[in-house]
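Chains as they are written, first to last, in the working numbering: chain A, 1 to 29; chain F, 1001 to 1255.
Each residue gets a CB set at the ideal place from its N, CA and C atoms; glycine is no exception.
Being a predicted model, the structure only gives us computed values, none of them experimental.
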Amino acid sequence: EQILEAAKSIAAATSALVKAASAAQRELV
Amino acid sequence: MPVFHTKTIESILEPVAQQISHLVIMHEEGEVDGKGIPDLSAPVAAVQAAVSNLVRVSKTLPPSGKLSQSFSASLRVENACTKLVQAASMLKADPYSVPARDYLIDGSRGILSGTSDLLLTFDEAEVRKIIRVCKGILEYLTVAEVVETMEDLITYTKNLGPGMTKMAKMIDERQQELTHQEHRVMLVNSMNTVKELLPILISGIKIFVTTKTSGSQGVEEALKNRNFTFEKMSAEINEIIRVLQLTSWDEDAWA
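Put into structure tokens, the structure is as follows:
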């Protein structure tokens, strides 16, 4: 359960990071 | 063909995988059009914190057995995170840095792959739990061979029933969890066959017991029928065990 929760947190943080990188690129177009 | 083996893993990783694919496309466009990426220190710090938590949790797990694989997967996630930190640092200095974009993509992919391995390791542990129950049933089925009285048969039926119900429930939950449709169908079909054969086995044992007790003819025939059903059930349970261990990759390799 703990690992599952930890994996979910990593996935959410990575998703937010990648989204931020993609959005930032879009803003700079 | 689904990429992720279970719905739980899919629900966790599919959104990240899509985001990364999107980033790769933008990266390719960025290289052509010269688009920049500003400071990503804050979101990278959030990933770092989540990874540190994972490493901490992994260290609390037993060092023996297959769960130790989770430790090596968490190390890979940790290494991938280092790349993200480097990428953020490089992008802070140069938002157009191509190596930084590569690090960002490699790091994100590494986290995705490491987390996927980690979740698969835990999924394998869940599958092993189901297999233990299946093997318990397989073992108990063999007791049919020593049932020679009606009292034995009552005890046998009483003991087999709850185990069979537990196995059916676990298999049903597992099939619902799988993303691979063919594996789901295989599990459902085999489990249904086992359920259908159970009363036939009990009936077969009963015929054998009554025939033997009364000294009537046909003991050999009754024995053959009982064994045939027992063997068919065992074969189906072994098939369930095989399918439980399949992943999409195995199926492709087999095909």
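Here the stretch 1104 to 1116 of chain F makes no contact with the stretch 1131 to 1151 of chain F; the two share fewer than three CB pairs at distances below 8 Å.
Under the three-state reduction of DSSP output, LEU1178 of chain F falls in the strand class.
Under the 8 Å criterion on CB atoms, HIS1183 of chain F is classed as non-interfacial with respect to chain A. Note on LEU1075 of chain F: under 16 other CB atoms within 10 angstroms of its CB, so exposed under the neighbour-count rule. Here the stretch 1159 to 1178 of chain F lies against the stretch 1001 to 1012 of chain F, with 3 or more beta-carbon pairs under 8 Å apart. Of all alpha-carbon atoms in F:SER1116, F:ALA1093, F:LYS1232 and F:SER1113, the one lying nearest the alpha-carbon of VAL1194 of chain F is that of F:LYS1232. At least one CB of chain A lies nearer than 8 Å to the CB of ASN1053 of chain F. Out of F:GLU1139, F:PHE1071, F:LEU1040 and F:ILE1202, the CA that lies nearest to the CA of ALA1093 of chain F is found in F:LEU1040. Secondary structure of THR1142 of chain F (DSSP, three-state): helix. Sixteen is the threshold: since fewer than 16 other Cβ atoms of the shown chains lie within 10 Å of the Cβ of ALA1235 of chain F, the residue is exposed. Beta-bridge pairing by DSSP links THR1006 of chain F to F:LEU1178.
Against LEU1120 of chain F, chain A offers no close residue; the least beta-carbon distance is about 11 Å (beta-carbon pairs closer than 7 Å). For a cut-off of 8 Å, the C-beta gap from LEU1118 of chain F to ALA7 of chain A is around 6 Å, short enough to register as a contact.
Residues of chain A whose Cβ lies closer than 9 Å to the Cβ of LEU1084 of chain F are, in chain order, THR14 and LEU17.
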